[in-house]
Structures are given as C-alpha cells and as structure tokens.
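Worksheet: the structure to be examined is printed underneath.
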Amino acid sequence: MNRISLFCIACSIMLAVQHPATCAESLDLKAELAKPIITPQTSLEETQVFLEHRIPQLPEVKTTKDWETLAAKWRREVLDKVVFRGEAAKWRDHPLAVEYVGEPLRGPGYVVKKLRYECLPGMWIPALLYVPDKLADDKAVKVPVVLNVNGHDGNGKAADYKQIRCINLVKRGMIVLNPEWFGMGQFKQDGFNHTKMNQLDLCGTSGIAPFYLTMSKGLDLLLKLPNADSYRVAVSGLSGGGWQTIFISGLDPRVTFANPVAGYSSYLTRVRSNTDLGDSEQTPCDLGKYVDYMHLTAMRAPRATLLTFNAHDNCCFAAGHALPPLLAGCRPIYSLFGETDRLITHVNHVPGDHNFGQDNREAFYRAIGTFFYDRSNDFDSLEIACEADEVKKLEELLVTVPDDNATFTSLAKALAEKLPNADAVPANQSARQDWQDQRRRRLAQIVAAKQYDVDAEELSPSEATDAKSGGTQIQRWRLRLGGTWTVPVVELTRGESQGTTVVVADAGRAAVAEDIEKLLASGQRVLAVDPLFFGESKIVARDWLWGLMLDTVGDRPLGVQASQIAAIARHAHDTDRSGRTVTLYSVGPRTGLFTLVAAALEPQAIGQVTQRDAITSLKQYVIAGNRGVSEAPELFCFGLLEHFDVPQLQALVVPRKIETK
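The sequence shown maps to residues 530 to 1190 in the numbering used here.
Here is the structure:
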C-alpha cells in the first residue's frame, strides 16, 4: 500500500471520528430526548423545600389574651377567605331545614330517627338521630350531644364501628347525630367524588364549603333540640372523620370536646411523611396560607381534646410521626391556660392498624366520662355489647333525599353556566391595550404568577453524551428558576436557526420526537422542556396531591408551570442571536393551558403559540367533561373560570398568532 492510500485512510478515520453521522435520519431523536438531566427525586425534593418555607408555624405567644386574639383572627381568615368564598358566602347563613323521614327504628332504651337536613340550598344530608327514650317526656333535662362523623368507608353511616359508637353513647344518655359523608354509603355516587369538589374551586366558589356546612348545620340541628346541653358538645370520627373533627372543632368554638382519630397531621409532617398527603378536602385551597393543622389543634385550647392515633397505622397518620409534633406545638398553648390536662392522647397498639375499634372507642368513652361527667363513678367507660339486630344493615338505614339533590358536580354546572364574568374585548386598539393590561394583571393574580430569573447550567461532557449527532447540535441544560425550581431542557439546533421554539408535552419531551424533528427540519432552534409534573419533572407517586399542597399554601400549579415556561421563553429570547421572539409549542390539554397562560402573561418574549390537542374550553373540558382534580391539578385553578375561559385567555395573546392543530 503506498503512502497516498495510507493518507486517504487516515483522513477517512479522522472524518468519521469528528462526524459520527452525516444525515439527520441516523439520529435516534427520541433516545436523545429521553436521556436524563435531573435525578428522579429532584422535583419532589424541590417541592418539599418549597412547601416547607411556606407552611405557617405557630408563633410564640406569652399570654392567653394574645393567643385568643390570634385564634379569633385565624378563624375569621379561614372562614372568610377559605371556606366561604364565591357563592358559598351566600350559603353560610342559609336557614337550617330538617325533615324527619319514615318510621323510627327502635333499640333497647332508645330510638333512631331518620332525617335529612339541608346544609346549603338544594343539598340534603341523610342522617340518623339517636335519642334516649327517657327524654321523650322530659324536655327540661340537659344531656350531651355528639356529632359522629366518619371517613372513607364505603358503608358510610352504616359502618358497624360507627353504629356501635352511636349506640354506646345513646345508651349512656346522650343524643347522637350520625350523618352520611360525601362519596360514602348512600352518597357513593360520582357527583360526590371528592376529586370533583375542585370543580367548584375552578368556578371561584369554595369546594370545601359543603364539607364544613354539613358539620356546622349538624351542630345547629343538635343544639336546637330541647334537651341539648350547649356546654357538652362533642365531635368524633375516624380517618376522614378525624379530619372532619379537627376542622370543625378548630373553627367552631361550640365544640367543647373533640376526639379526632387517625385523621390528620401537620402539613409540615406531611411534606416528609408522604403517606399523610390528604386529598381534596384535607388540602383545601389556601388553608395552608393562613393556618396549619397544628394551628387548628392549638385553637382548641383550652377546650378538651383527645388525640387518638394508631401505632402501626397501615393507611396514614401513624402515631410515631403524626402525634409528637402536634403535642410539641400545642401543649405550650394549653399550658398558657393552665389546662394541660385537657389535651390528652391515646395510642392504640392492638390491633394498631387504621381503626376506631373497641380500644379506641373506650378511650373516647373514658374521656367523655372525664370531661362531661366530672369523672363520675357512675359513668362506665367499658363498651356495652350490642344486642342482636341492633347494628343495622346499610339498606335499613337509608334515608330518602330528593331525586334532584345537589352534588358537587351539579353545583359546579349551575355556577359555570354564568361564567366567565368577562367584558367584551374593546374594538379600539388603544382601549384594547389597556383592557389587556388590566386583564393580564388579574390573570397573574389568579394563577399566582412569578417572575423567575434563570440561572443556566449546561451539563458537563461527562454528564452529556453525543453532543453532536447527524448534523444536530444537542445541548442539555439544567435551568434553575428563581432559586427554587430546576427544569431540565434539551436544546437542539440543525444548521442556521430561523427562530426558537419552546416545546412542552403532556407525555413529556421524549414523546414528541416527531414534532421536534419537523421543527428542526424547518430551521427552528428547539428547547424541549419538562416543567413541573411533566416528563422528567414528574413526581412519581401521587403527583396530584402535591399539586393540592401547592394550592393550599397559596400558590397554584398552573401559575408555577406558566411562570416556568414564561421564564424559559425570556431566557430563550435573550439567547437568540437574532433577537426574534419565541414560539411556544404544546402537545396535550394540560400543557396547552399553561402555555396559553404563559403567552398571555409574557407579551414581549413570546411571539406565537402553536398547540396540538389543546382544550378549547375549561367549561366544556372540565365541567361538562366531569373531570376530577386527580387527572390534571393545574386545570382546577381557583377562580380561573370565574374570569377566564380559553377564548378570554386567547384574547390576551392576540394580535400574536395562535395556531391550533
């Protein structure tokens, strides 16, 4: 072989090393897009830190007067700014209506009356009222009243352990109300699915309001009875019933004794003990902006409270992690009042699972004997065995309600019919600009938008492989936004850039390789982005519950995502050598909404929006489509539909181009 041949071979080898592929078709774009940039835990860890800095903590208080002033302020804030927003403000003072239905059921020494009560206009709650026989002819004697609530048990008010509790209390001379809970028992229907309460939030009305009103109206019912002793009012329940117990008893001073059972923990505890993450009612919008469950517990002081937890809870709120922080925070408040013996605890070890079994029930009875009967020797805290047929079957306890009884979804549909409340777009250009500016500010407020600065970190060569392939230049970035969020971005270019497109997709960036290939072929510089809850930034387990956590501390998933995209668009605009505006390209209904919001809020850097498979109306997609918050937490932004549907958002983008596919 001569020297010329050897030289040609060497040159060919050098060229092959420098250019491993010579055509775009040889590039496995999907594989390149799928290569990791952040760790699987990055988004979860950043969300945890974000929340920990926003969850309120109990302040140090030196006097009972100062504490009572704070507690009264928190009650007002939660009731006015969380529970009774929007149409719910009108429900607050709706007069109580009670209707007794059918023949009462008899028990040894008591009667069970079937009734329904209206907690808000058109929504009737079926319930059972247990009344001792001895009160039938004596309206003067005053006895304790108990609201027995319950959690996620499909049998609802017919759950055997709940019936046994009611029977034991009525046999001890108390009046007991056993209401049905949404989604359980005879309310086990789609319209009462708890994830559907957030449809009300979207319409600007508190989805938590029906939950609160069911309890507060139940107390109204009990306290209107002639034999009710207003100084001896108890609430107790398991799991979701434990949540109901602390929620009503922390906010309603009429409750003089509360016994929540395995029903809650501090939000700070939940951030690190993920089994405790609660669903929609446990995590109502903006509650954590004002109070934590630590506050609600401390707000019981100096009233009697028994905190019951289970040692080996197989559901949530296990005693070992849930109880100690509550005691550490709340005992000093009870100590201020000199009433440390009125905050007591019980931990169940056998069976120790998620239960309100006999051991826990007897702890409840003992506490009633202590707080309501002054430790009387005549009060026996041992459980009274139920006789044959005392515990009824579900069908025996059915209480009829109107066929058109309101549900979360029917209320949301009625509200949505009149929404959004939006003025027509002015025809005059100057007036239209002013209108857009004003509406843009309103939108930013609704979604809790942020102006994130961007700190771009390119992956090092050891972290990023195949930086150039098939004529496509690939760079991988970690964009640190506002010192809070790390968003993974794959930047791709092929030849001379004709513009920049930021791509996001419901299924993640790797799922839209074909879309990105077409953009590259058309000369676009592409930034493939996975914002919070999507693609590489998806929180693996129960991500929608983390969306609710963002909501409860006063932020909004929609606002976080739109702000991330707007910040990345500004960064892309600033790093585009030509200075051209950026196109946002989305694939899917969820990313379609927050890219539209981002474009509405960022008129300078974003010049065009292209959307594939985007929703055309929140009213149609969410309300008429009857979706729950677990499907897409950002679509349920509180009050968004009250002021904006998709056409109103699009009106903030024009005259910039909006292309739909």
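For glycine and all other residues, C-beta sits at the position ideal for the given N, C-alpha and C.
In this text the structure is predicted, and so the values were computed from the model without any measurement.
Beta-carbon proximity list for residue i, same chain, < 8 Å, skipping 5 on both sides
i, result
"A1180", "V954, Q965, R968"
"I704", "L658, Y659, V660, P661, L664, V672, P673, V674, V675, L751, L754, N756, A757"
"S1107", "S1026, G1028"
"E868", "A830, P831"
Segment limits, beta strand (DSSP E) that includes residue i
i, result
"R1007", "1001-1010"
"Y902", "Note, Y902: premise wrong, no beta strand (DSSP E); not H, not E."
"T938", "No beta strand (DSSP E) holds T938; the alpha helix (DSSP H) holding it covers 937-945."
"V670", "Careful: V670 lies outside any beta strand (DSSP E) and carries neither H nor E."
"I704", "704-708"
"E986", "983-987"
"Y629", "626-629"
Contact belief for residue i with residue j at Cβ below 8 Å, rounded distance in angstroms
i, j, result
"L1147", "L1164", "7 Å"
"L706", "L658", "6 Å"
"V976", "C1166", "6 Å"
"I1003", "L1021", "6 Å"
"V800", "F838", "19 Å between Cβ atoms; not a contact."
"I1202", "T568", "Missing from the structure shown is residue 1202; the chain here goes from 530 to 1190 and no further."
"G680", "P708", "G680 to P708, Cβ: 13 Å. No contact."
"H1100", "L1008", "7 Å"
"K979", "S1066", "With 8 Å as the limit, K979 and S1066 do not qualify as a contact, their Cβ atoms being about 17 Å apart."
"I1097", "V983", "7 Å"
"V928", "A656", "7 Å"
"A791", "H878", "13 Å between Cβ atoms; not a contact."
Other residues of its chain near residue i: CB distance less than 6 Å, five sequence neighbours each side excluded
i, result
"P789", "G771, T774, I775"
"Q1140", "S1115, G1121, T1189"
"G1052", "Q1027"
"E628", "R645"
"S735", "V612, R614, A617"
"D1080", "C814"
Close Cβ partners of residue i (< 7 Å) along its chain, the five nearest in sequence each way excluded
i, result
"Y760", "T785"
"W620", "L649, P650, A738, L742"
"F721", "F711, G712, T936, F937"
"N684", "G714, L923"
Residue i versus residue j: straight-line alpha-carbon distance, rounded
i, j, result
"A1050", "R1038", "17 Å"
"G858", "M828", "11 Å"
"L562", "K921", "59 Å"
"F1063", "D1035", "6 Å"
"G1117", "P1060", "14 Å"
"A956", "I584", "45 Å"
"G1000", "T1104", "21 Å"
"L767", "I737", "19 Å"
"T551", "T798", "Note that T551 scores a pLDDT of 32, beneath 50, so its modelled location is shaky; the value from the coordinates is reported in the next line. The alpha-carbon atoms of T551 and T798 are separated by roughly 55 Å."
"L1178", "L926", "49 Å"
"E916", "I693", "10 Å"
"K700", "V640", "10 Å"
"E946", "E924", "36 Å"
"V1175", "G1168", "14 Å"
"Q974", "P813", "18 Å"
"F716", "G898", "33 Å"
"T804", "A830", "28 Å"
"T834", "R871", "6 Å"
"A610", "M726", "According to the sequence shown, residue 610 is Lys rather than Ala. Their Cα atoms are separated by approximately 17 Å."
"Q1191", "M1078", "As displayed, the chain neither begins before 530 nor continues past 1190, which places residue 1191 out of reach and without an answer."
"P949", "T593", "46 Å"
"Q1137", "D963", "21 Å"
"Q958", "R1023", "39 Å"
Start and end residues, alpha helix (DSSP H) containing residue i
i, result
"K746", "738-752"
"S572", "571-581"
"A857", "848-865"
"G1086", "Here the sequence assigns Pro to residue 1086, which means Gly is not the residue at that position. Unbroken alpha helix (DSSP H) run through P1086: 1086-1103."
"P1204", "With the chain represented from 530 up to 1190, any question about residue 1204 goes unanswered, as that position is not in the structure."
"E561", "558-563"
"V699", "689-700"
Beta-ladder partner(s) of residue i, from DSSP
i, result
"I1135", "V1111"
"V640", "R635, V660"
"I873", "L835"
"W653", "E647"
"F786", "A763, A833"
"R1054", "T1029"
"N722", "According to DSSP, N722 bridges with nothing at all."
"R1141", "V1116"
"I1187", "V1138"
"L1014", "First, the amino acid is wrong: residue 1014 is Trp here, not Leu. Answer is L1010, bridged to W1014."
C-beta neighbour in chain B for residue i, strict 7 Å
i, result
"Q1093", "Absent from the structure: chain B. Only one protein chain is present."
Any non-hydrogen atom of the ligand FAD closer than 6 Å to residue i Cβ
i, result
"A738", "Inclusion of the ligand FAD in the displayed structure is not the case, the ligand content being empty and no account of it being possible."
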